[in-house]
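Working notes, structure below.
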Amino acid sequence: MLRCVAQSTTSSPEKYAVMGMDMSVLEKQTAVLQRLYQQQEHSWQPQEANINPTIHQNMPNLQPAKYDQCLDEISLPSFAISGREQQQHIGFACPELTSGSVSAVSNNSSKTKHDHQINSGMLKREGTVSNSTRKRKAEFDVEEDCKDKGAEREAGEVQSDITVKTDRETSTDTSSKESIQKPDYIHVRARRGQATDSHSLAERARREKISKKMKYLQDLVPGCNKVTGKAGMLDEIINYVQSLQKQVEFLSMKLAALNPRLDFSIDDFFSKEIPAYIASFPTQLQVSNPTSLQYNPLQEGAISCGVDIAMSPSQMLPQKEGSSSVPITEVYHDSSSAHQARMLPTWDSEWQNLFSAGFH
Amino acid sequence: MTTQIIPSNPDSIKTRFTYSFVRALKKLNKSRGASVSPSMKETYRRYHMIRVASYASMASAVGSKRAWSRAVLWKIRNRTSHRALKKKSRIHALTRTKVRENPRSDLNFHQENDLRKLVPGGEGMDFCRLLNETAHYIKCLRTQATTIVVVWAVVVVGVIVGRIGDGCGGWVEMSVTCDK
Numbered sequence: 001m002l003r004c005v006a007q008s009t010t011s012s013p014e015k016y017a018v019m020g021m022d023m024s025v026l027e028k029q030t031a032v033l034q035r036l037y038q039q040q041e042h043s044w045q046p047q048e049a050n051i052n053p054t055i056h057q058n059m060p061n062l063q064p065a066k067y068d069q070c071l072d073e074i075s076l077p078s079f080a081i082s083g084r085e086q087q088q089h090i091g092f093a094c095p096e097l098t099s100g101s102v103s104a105v106s107n108n109s110s111k112t113k114h115d116h117q118i119n120s121g122m123l124k125r126e127g128t129v130s131n132s133t134r135k136r137k138a139e140f141d142v143e144e145d146c147k148d149k150g151a152e153r154e155a156g157e158v159q160s161d162i163t164v165k166t167d168r169e170t171s172t173d174t175s176s177k178e179s180i181q182k183p184d185y186i187h188v189r190a191r192r193g194q195a196t197d198s199h200s201l202a203e204r205a206r207r208e209k210i211s212k213k214m215k216y217l218q219d220l221v222p223g224c225n226k227v228t229g230k231a232g233m234l235d236e237i238i239n240y241v242q243s244l245q246k247q248v249e250f251l252s253m254k255l256a257a258l259n260p261r262l263d264f265s266i267d268d269f270f271s272k273e274i275p276a277y278i279a280s281f282p283t284q285l286q287v288s289n290p291t292s293l294q295y296n297p298l299q300e301g302a303i304s305c306g307v308d309i310a311m312s313p314s315q316m317l318p319q320k321e322g323s324s325s326v327p328i329t330e331v332y333h334d335s336s337s338a339h340q341a342r343m344l345p346t347w348d349s350e351w352q353n354l355f356s357a358g359f360h
Numbered sequence: 001m002t003t004q005i006i007p008s009n010p011d012s013i014k015t016r017f018t019y020s021f022v023r024a025l026k027k028l029n030k031s032r033g034a035s036v037s038p039s040m041k042e043t044y045r046r047y048h049m050i051r052v053a054s055y056a057s058m059a060s061a062v063g064s065k066r067a068w069s070r071a072v073l074w075k076i077r078n079r080t081s082h083r084a085l086k087k088k089s090r091i092h093a094l095t096r097t098k099v100r101e102n103p104r105s106d107l108n109f110h111q112e113n114d115l116r117k118l119v120p121g122g123e124g125m126d127f128c129r130l131l132n133e134t135a136h137y138i139k140c141l142r143t144q145a146t147t148i149v150v151v152w153a154v155v156v157v158g159v160i161v162g163r164i165g166d167g168c169g170g171w172v173e174m175s176v177t178c179d180k
């Protein structure tokens, strides 16, 4: 008798009912499966297998679709499938049967309609193996151990508990095996169709290192995501470094122009406290795309920048407060002489971002 | 300020850079003497000194762990002799062969060379190490730029306060009427 237990869709591997099956029933099942193999072969959708590696792989491979089909035909009176349409977890386990027990389980998430179900006659879901992204081949367990296997989906939302032990094959595509890192060596298996001599292996390792570093640089440099390819990214990086260096030069020029106006009383500002204060500013800089720099007349941009920048520190230093934006503008007018205005370029959008972001 | 302000990370690169840069600015300010009206040349000279000071304090904040910081410090220390060297090397530049013609990265050789020129000390490295140094250099340049901005802001505020303290009438009126 087959007993079917419907379970909820959590990935607890212990939801799993062990059933006993008659030998004769199994033989019947096998026959049916064989018959239905060709019929269902086309409707089987490949899925990726994310099965526990401990699943045995010594089972004959059978398509799960036909599996469903064949099981439909088997009248198993004791099937009882619980309710929920989307997420049912039907588990079978026949641990003791030598000729194999079937269990195919799928946990349907709302996203993927991956049904591996052992449909009884009562269920109406048979045969419709909808598309899913995983490749899986459910098989008969001939020798059983009905261990619970939790299958992990790739996509986070898809949960499928493969409670029945099924034989899974990993993807049959030839893909490179993962490199197992050992303390002494890095073992890399060669990919299919590629040379295996030491030179090309070392070359490949070097190339992967370089691409990893380029990815890291891509995160550092803003606006690099849109560009693909090494050449474009290198261009972006070069532009960014150049613009940063120009920023530093620009700022030091501004400091140099300001300094003549400094009174000597400014010296007591530069005690220990001020640098500590400065250093405690968060320096999260979100610079806009440096390739969109524009050269604007200095006055406008600088004055607005001066307003921006002087506003925020004046908020921070309440006891020195007393100034507002207007005198700051005046100061800036005085200090930025005409020659300076001509000399220095300003990047309008970037500076706005720079100044406003420097204090947040 | 009455309360003691301690930076959140007392040993970060940013803190070290801030301290040394502000110290350098103080020294520059002291050596300036009386406030003269700045000539072009004077301003340019100050600009140059401030720029060198910023790079030097950044490199010393980083230390000698990085190749680019070592190169910067070396360049600054050997500035005078370096200039003479550079003039000589320019003569030989045309005859010099390419630094490293890597057949693998032939497509990007032009950009690679540009990057080497930009990043200090980038001449003698392979491409992989160059990318490492570039990443760290970008991070430090960023903190440098944002910190100098804050320094400049503080100076501006100080200037304003100084003017108010001097008793400039118009300033005081304006500051009183305009509220924060």
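Chains as they are written, first to last, in the UniProt record's numbering: chain A, 1 to 360; chain B, 1 to 180. For each residue, glycine too, the CB sits at the ideal point set by N, CA and C.
Query raised in the report: Does the beta carbon of Asp114(B) sit closer than 8 Å to a beta carbon anywhere in chain A?
Result: For the purposes of this step, residue 114(B) is identified with residue 114 of the second sequence, where counting begins at 1. Asp114(B) counts as touching chain A.
Query - Span separating the alpha-carbon of Ala202(A) from that of Lys75(B) - result: Here residue 202(A) is taken as the residue at index 202 of the first sequence, counted from 1. Here residue 75(B) is taken as the residue at index 75 of the second sequence, counted from 1. Our two residues, Ala202(A) and Lys75(B), have alpha carbons roughly 35 Å apart in a direct line.
Query - Cβ contact check for the stretch 238-253 of chain A and the stretch 128-142 of chain B: 3 or more pairs under 8 Å - result: Contact between the stretch 238-253 of chain A and the stretch 128-142 of chain B is present, because at least three Cβ pairs lie under 8 Å.
Query raised in the report: Is the CB of Asn78(B) under 8 Å away from at least one CB in chain A?
Result: For the purposes of this step, residue 78(B) is identified with residue 78 of the second sequence, where counting begins at 1. Nearest CB-CB separation between Asn78(B) and chain A: not below the 8 Å threshold.
**Report entry** Neighbour-count burial assignment, Ser171(A), 16 or more Cβ in a 10 Å radius
**Finding:** The count along the first sequence starts at 1 and reaches residue 171(A) at position 171. The predicted position of Ser171(A) is uncertain, since its pLDDT is 44 and thus under 50; a value taken from the coordinates is nonetheless stated next. Exposed is the call here.
Query raised in the report: What residue does the alpha helix (DSSP H) around Gln194(A) start on, and which one ends it?
Result: Start at 1 with the first residue of the first sequence, and residue 194(A) comes out as number 194. For Gln194(A), no alpha helix (DSSP H) segment is defined, and its DSSP state is neither H nor E.
Query raised in the report: So does the stretch 15-31 of chain B actually touch the stretch 109-116 of chain B, counting three or more Cβ pairs closer than 8 Å?
Result: The answer is no - the stretch 109-116 of chain B does not touch the stretch 15-31 of chain B, with fewer than three Cβ pairs under 8 Å.
Requested in this report: Look at the Cβ atom of Thr146(B), then the Cβ atom of Phe17(B), and state whether they are nearer than 8 Å.
Outcome: Along the second sequence, read from residue 1 onward, the residue named residue 146(B) stands at position 146. Along the second sequence, read from residue 1 onward, the residue named residue 17(B) stands at position 17. It is not a contact, given that the beta carbons lie outside the stated cut-off.
Query raised in the report: In whole angstroms, what is the alpha-carbon distance linking Ala257(A) and Ser12(B)?
Result: Within the first sequence, the letter at position 257 stands for residue 257(A). Within the second sequence, the letter at position 12 stands for residue 12(B). Taking the straight line from one Cα to the other gives about 29 Å.
Query raised in the report: Helix, strand or coil: how does DSSP classify Thr228(A) here?
Result: By 1-based counting over the first sequence, the position of residue 228(A) is 228. DSSP places Thr228(A) in the coil class of the three-state scheme, outside both helix and strand.
Requested in this report: Could you name the residues of the stretch 201-212 of chain A whose beta carbon sits closer than 9 Å to any beta carbon of chain B, in the order they occur along the chain?
Outcome: Flagged, chain order: Glu203, Arg206, Arg207, Lys209, Ile210.
Report task. Could you tell me which chain A residues have their CB closer than 9 Å to the CB of Arg66(B), listed as they occur along the chain? Result -> Stepping through the second sequence from its first residue, residue 66(B) is reached at position 66. Per Cβ cutoff of 9 Å: no residues; Arg66(B) is ~15 Å from chain A at best.
Query raised in the report: Would you call the stretch 118-133 of chain B and the stretch 248-257 of chain A in contact, with 3 or more CB pairs under 8 Å?
Result: Because the criterion of three Cβ pairs below 8 Å is not met, the stretch 118-133 of chain B and the stretch 248-257 of chain A do not touch.
Query raised in the report: For Ile328(A), which three-state DSSP category applies?
Result: Translated into positions along the first sequence, residue 328(A) becomes position 328. Interpretation of Ile328(A) is limited by its pLDDT of 40, a score under 50 that renders its predicted location unreliable; no figure is taken from the coordinates.
Report task. Consult DSSP for Thr146(B) and reduce its assignment to one of helix, strand or coil. Result -> Residue numbering aside, residue 146(B) sits at position 146 when the second sequence is read from its first letter. If DSSP states are grouped into helix, strand and coil, Thr146(B) belongs with the helices.
Query - Three-way DSSP call (helix, strand, coil) for Ser81(B) in this model - result: The residue given as residue 81(B) occupies position 81 in the second sequence. In this structure, Ser81(B) counts as helix in the three-state DSSP scheme.
Query raised in the report: Got a sec? Which residues, its chain only, sit under 6 Å from Ser69(B) by beta carbon, not counting five neighbours each side?
Result: Sequence index remark: in the second sequence, residue 69(B) carries index 69 (1-based). Cβ-Cβ distances below 6 Å link Ser69(B) to Ala59, Val62 in the same chain, with the five nearest sequence neighbours on each side left out; the list follows chain order.
Query raised in the report: By DSSP, does Glu203(A) sit in helix, in strand, or in coil?
Result: Mapped onto the first sequence, residue 203(A) falls at position 203. Reduced to three states, the DSSP call for Glu203(A) is helix.
Requested in this report: Give the residues of chain B in contact with Asp235(A), contact being defined as C-beta atoms less than 7 Å apart.
Outcome: For the purposes of this step, residue 235(A) is taken as residue 235 along the first sequence, with counting starting at 1. Result: Gln111.
Query raised in the report: At a Cβ threshold of 8 Å, is Val227(A) touching chain B?
Result: Your numbering for residue 227(A) matches position 227 in the first sequence. The beta-carbon of Val227(A) is placed no less than 8 Å from the nearest beta-carbon of chain B.
Report task. Give the DSSP-derived three-state secondary structure of Val72(B) in the structure shown. Result -> Residue numbering aside, residue 72(B) sits at position 72 when the second sequence is read from its first letter. Note: Val72(B) maps to helix in three-state DSSP.
Report task. Quick one: list the residues of chain A neighbouring Ser57(B), beta-carbon separation under 8 Å, in chain order. Result -> Mapped onto the second sequence, residue 57(B) falls at position 57. The premise fails here: Ser57(B) is roughly 11 Å from chain A at the closest Cβ pair, so nothing lies under 8 Å.
Query raised in the report: Going straight from the alpha carbon of Gly162(B) to that of Ala153(B), what length do you get?
Result: In the second sequence, residue 162(B) corresponds to position 162, counting from 1. In the second sequence, residue 153(B) corresponds to position 153, counting from 1. About 14 Å.
Query - Option nearest Leu21(B) by Cα separation, candidates Arg45(B), Tyr44(B), Ala56(B) - result: Sequence index remark: in the second sequence, residue 21(B) carries index 21 (1-based). First, the residue type needs correcting, since residue 21(B) is Phe and not Leu in the sequence shown. Comparing Cα-Cα distances from Phe21(B) to each of Arg45(B), Tyr44(B), Ala56(B), the minimum goes to Ala56(B).
Query raised in the report: Beta-carbon of Ser54(B) versus every beta-carbon of chain A: anything under 8 Å?
Result: Numbered from 1 along the second sequence, position 54 holds the residue referred to as residue 54(B). True, the Cβ-Cβ gap to chain A drops below 8 Å.
Query - Close beta carbons around Met214(A), own chain, < 8 Å, minus the five adjacent residues each side - result: As a position in the first sequence, residue 214(A) is number 214, starting the count at 1. Residues of the same chain with a CB within less than 8 Å of the CB of Met214(A), apart from the 5 flanking positions on each side, are Lys230, Met233 in chain order.
Query raised in the report: Hey, how far is the Cα of Leu25(B) from the Cα of Ala205(A)?
Result: As a working mapping, residue 25(B) is identified with position 25 in the second sequence. As a working mapping, residue 205(A) is identified with position 205 in the first sequence. So the two alpha carbons sit approximately 47 Å from each other.
Requested in this report: Determine, using beta carbons only, whether Leu217(A) and Ile237(A) come nearer to each other than 8 Å.
Outcome: Mapped onto the first sequence, residue 217(A) falls at position 217. Mapped onto the first sequence, residue 237(A) falls at position 237. Result yes, Cβ atoms of Leu217(A) and Ile237(A) sit closer than 8 Å.
Requested in this report: Report the three-state DSSP secondary structure of Asn215(A) (helix, strand or coil).
Outcome: Here residue 215(A) refers to the residue found at position 215 when the first sequence is read from its first residue. Per the sequence shown, residue 215(A) should be read as Lys rather than Asn. When secondary structure is reduced to three states using DSSP, Lys215(A) falls in the helix class.
**Report entry** Distance between Ile148(B) and Val52(B) (C-alpha atoms, nearest Å)
**Finding:** The residue you call residue 52(B) lines up with position 52 of the second sequence. The residue you call residue 148(B) lines up with position 148 of the second sequence. Rounded to whole angstroms, the separation of the alpha carbons of Ile148(B) and Val52(B) is 13 Å.
Query raised in the report: Where does Val248(A) sit, in a helix, a strand or coil, going by DSSP?
Result: What you label residue 248(A) is simply residue 248 of the first sequence in a count that begins at 1. The answer is helix: DSSP assigns Val248(A) an H, G or I state.
Query raised in the report: How would you list, in chain order, the residues of chain B whose beta-carbon sits under 7 Å from the beta-carbon of Lys215(A)?
Result: Along the first sequence, read from residue 1 onward, the residue named residue 215(A) stands at position 215. The premise fails here: Lys215(A) is roughly 10 Å from chain B at the closest Cβ pair, so nothing lies under 7 Å.
Query raised in the report: Got a sec, what are the start and stop residues for the alpha helix (DSSP H) Arg46(B) sits in?
Result: In the second sequence, counting from the first residue as 1, residue 46(B) sits at position 46. Bounds of the alpha helix (DSSP H) holding Arg46(B) are 40-62.
Requested in this report: Could you check what DSSP says for Arg66(B) in three-state terms: helix, strand or coil?
Outcome: Indexing the second sequence from 1 puts residue 66(B) at position 66. Judged by DSSP in its simplified three-state form, Arg66(B) adopts coil rather than helix or strand.
**Report entry** Nearest neighbour of Lys65(B), chosen from Gly121(B), Leu85(B), Glu112(B) [CA to CA]
**Finding:** Sequence index remark: in the second sequence, residue 65(B) carries index 65 (1-based). With distances taken between Cα atoms, Lys65(B) lies closest to Gly121(B).
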